[in-house]
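In full-length UniProt numbering, the protein residues as written are 1 to 377. The block underneath contains the structure these notes are about, expressed in structure tokens.
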Amino acid sequence: MTSSTPAQEDGGATILEIGQQPGVWREVARRSDSTIADFVRTIVERPDIRVILTGAGSSAFIGDMAAAALRRRLGRRVDAIATTSIVSNPLDHLEQHVPTLLVSFGRSGNSPESLATTALADELIDDVWHLVLTCAADGALAKAHTGRANSAVVCMPERANDTGFAMTSSLTSMLLTCLQLLGPANPDTVEALAVAAEYVAGLQSDIAALARTKKNRLVYLGSGALEGLAQESALKMLELTAGEVDTYFDSPLGFRHGPKSVLDGDTLVVVYTSTDPYTHRYDLDIIAEIRAQLGDDAVAVISTEPLPEGYGDAVVLPGLAGRDDALVALAYLVFAQYLALFTALEHGKTPDNPFPSGEVSRVVRGVTIYPMTKNGR
Numbered sequence: 001m002t003s004s005t006p007a008q009e010d011g012g013a014t015i016l017e018i019g020q021q022p023g024v025w026r027e028v029a030r031r032s033d034s035t036i037a038d039f040v041r042t043i044v045e046r047p048d049i050r051v052i053l054t055g056a057g058s059s060a061f062i063g064d065m066a067a068a069a070l071r072r073r074l075g076r077r078v079d080a081i082a083t084t085s086i087v088s089n090p091l092d093h094l095e096q097h098v099p100t101l102l103v104s105f106g107r108s109g110n111s112p113e114s115l116a117t118t119a120l121a122d123e124l125i126d127d128v129w130h131l132v133l134t135c136a137a138d139g140a141l142a143k144a145h146t147g148r149a150n151s152a153v154v155c156m157p158e159r160a161n162d163t164g165f166a167m168t169s170s171l172t173s174m175l176l177t178c179l180q181l182l183g184p185a186n187p188d189t190v191e192a193l194a195v196a197a198e199y200v201a202g203l204q205s206d207i208a209a210l211a212r213t214k215k216n217r218l219v220y221l222g223s224g225a226l227e228g229l230a231q232e233s234a235l236k237m238l239e240l241t242a243g244e245v246d247t248y249f250d251s252p253l254g255f256r257h258g259p260k261s262v263l264d265g266d267t268l269v270v271v272y273t274s275t276d277p278y279t280h281r282y283d284l285d286i287i288a289e290i291r292a293q294l295g296d297d298a299v300a301v302i303s304t305e306p307l308p309e310g311y312g313d314a315v316v317l318p319g320l321a322g323r324d325d326a327l328v329a330l331a332y333l334v335f336a337q338y339l340a341l342f343t344a345l346e347h348g349k350t351p352d353n354p355f356p357s358g359e360v361s362r363v364v365r366g367v368t369i370y371p372m373t374k375n376g377r
């Protein structure tokens, strides 16, 4: 924290790190490393390659948001699997005879599961390559893979290494870099996303007013890539409010199958609408259903186009209509970050460190990594 950092009650470093994202994204777009691009291209040209997107917590949700877009772009098998799942059950997820590109996301690169996952992949897969996307060149993950023939390390812009507790610009810069190297992002797309994020920043007073309703339950709904966004949104709210606000996430269709039981008069539902016309129809159905049950104000809709007549209002982000949901998720996420921050402030939390007593830490501690035996157990 510096003398120019806002006080905690004004948002601390977190509000700056949310607001800097358009600039960080433009910086990511300007960067070009032909060595990294060639490394990735050579690997994904293999018709038998499998791509695993992995990380822990918010870093895992990057994979959930990106996987389908990469699958479409590459025409290859792409799986999003958390490091926490790989470490506990490696033989369920790592396939010895399937050539694999392991894409690891990590803000600090110091999470024990991140290091263990790359080590397990080296041990259990015959042909494996590593692409490490991180915000810390001096982190353990970056150091472990720098200079290796089968590894490439890409570091985000220095300011993307958030000093606040919650991952904000770190997450979106890693997601964008992944979509640039392996997916549909290009400089024109990045500029459109940055402009949309700046538009969201201009809505801070409206988002703060929504936070002042102090709902005790937040539900986030989205389909496909936007379900990964919904999960990240729920975690962001849970983290920054130190668990004081109950959060849930699901897809619009899945929500009806039991989870809808959480709805009451003290619930706010955030629906992220898809740019896919077919998927969008299911979004509209759940919007109409919940608004009929709880009232229009109980549902906040984030969209790239106005809703049809009769479905109510939405926050419409400009310039993104028809773009892949994995890209749109970047701009939608800025809304979720501001909502979580302003809700935390309404609850009297210190956003840069919601857990001053250390119950939850910025980098996970206390994890024991157990060695595997020769027979894989």
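Cβ coordinates follow ideal geometry from the N, Cα and C atoms, glycine included.
Is DSSP giving residue i helix, strand or coil here?
i: Ser251; result: coil
i: Val315; result: strand
i: Ala56; result: coil
i: Leu268; result: strand
i: Val78; result: strand
i: Gly366; result: coil
i: Arg148; result: coil
i: Leu218; result: strand
i: Ile302; result: strand
i: Asp92; result: helix
i: Asp324; result: coil
i: residue 381; result: Here the chain has residues from 1 to 377 only, and residue 381 is not among them.
Between residue i and residue j, is the Cβ-Cβ spacing less than 8 angstroms?
i: Glu227; j: Leu333; result: no
i: Pro306; j: Ala196; result: no
i: Ala234; j: Asp325; result: no
i: Gly19; j: Ala201; result: yes
i: Val271; j: Val301; result: yes
i: Met65; j: Ala329; result: yes
i: Val269; j: Val315; result: no
i: Pro354; j: Glu239; result: yes
i: residue 387; j: Gly12; result: Lying before the first or after the last residue shown, residue 387 is absent from the chain, which here runs from 1 to 377.
i: Lys349; j: Thr247; result: no
i: Phe105; j: Ile62; result: yes
Can you tell me where the beta strand (DSSP E) holding residue i begins and where it ends?
i: Gly106; result: Thr100 to Gly106
i: Arg256; result: Where Arg256 is concerned, there is no enclosing beta strand (DSSP E), given that its DSSP letter is neither H nor E.
i: Ser151; result: Ser151 to Cys155
How big is the Cα-Cα spacing for residue i and residue j?
i: Gly366; j: Val87; result: 15 angstroms
i: Glu158; j: Trp25; result: 12 angstroms
i: Ala208; j: Leu101; result: 42 angstroms
i: Glu9; j: Leu221; result: 29 angstroms
i: Asp127; j: Pro99; result: 5 angstroms
i: Gly139; j: Glu123; result: 22 angstroms
i: Val103; j: Arg30; result: 21 angstroms
i: Thr172; j: Gln293; result: 34 angstroms
i: Gln21; j: Arg291; result: 32 angstroms
i: Leu181; j: Pro47; result: 18 angstroms
i: residue 381; j: Ile287; result: Residue 381 lies beyond the residue range present for the chain, which begins at 1 and ends at 377; the question has no answer from this structure.
i: Val262; j: Arg323; result: 32 angstroms
i: Pro371; j: Leu94; result: 16 angstroms
i: Ala166; j: Tyr282; result: 31 angstroms
i: Met1; j: Gly183; result: Only weak support exists for where Met1 lies, its pLDDT of 46 falling under 50; the value from the coordinates is given anyway. Whole-angstrom Cα-Cα distance: 35 angstroms.
Would you kindly report the start and end of the unbroken alpha helix (DSSP H) that includes residue i?
i: Cys135; result: Note, Cys135: premise wrong, no alpha helix (DSSP H); not H, not E.
i: Gln20; result: Run containing Gln20: none; DSSP gives neither H nor E here.
i: Asp283; result: Pro277 to Leu294
i: Ile43; result: Ser34 to Val44
i: Asp188; result: Pro187 to Ala201
i: Asp206; result: Gln204 to Ala211
i: Gln180; result: Ser169 to Leu182
Under the assumption that residue i contacts residue j (Cβ atoms under 8 angstroms), give the Cβ distance between them as a whole number of angstroms.
i: Lys236; j: Ala340; result: 4 angstroms
i: Ser303; j: Thr273; result: 4 angstroms
i: Ala70; j: Val51; result: Residue identity check: residue 70 is Leu in the sequence provided, not Ala. At roughly 7 angstroms, the Cβ-Cβ gap stays under 8 angstroms, so Leu70 and Val51 are in contact.
i: Thr343; j: Ala298; result: In fact, because the Cβ distance is near 15 angstroms, the residues do not count as touching under 8 angstroms.
i: Ala142; j: Arg107; result: Not quite, the Cβ-Cβ distance comes to about 11 angstroms (not below 8 angstroms), so this is no contact.
i: Pro351; j: Thr14; result: 4 angstroms
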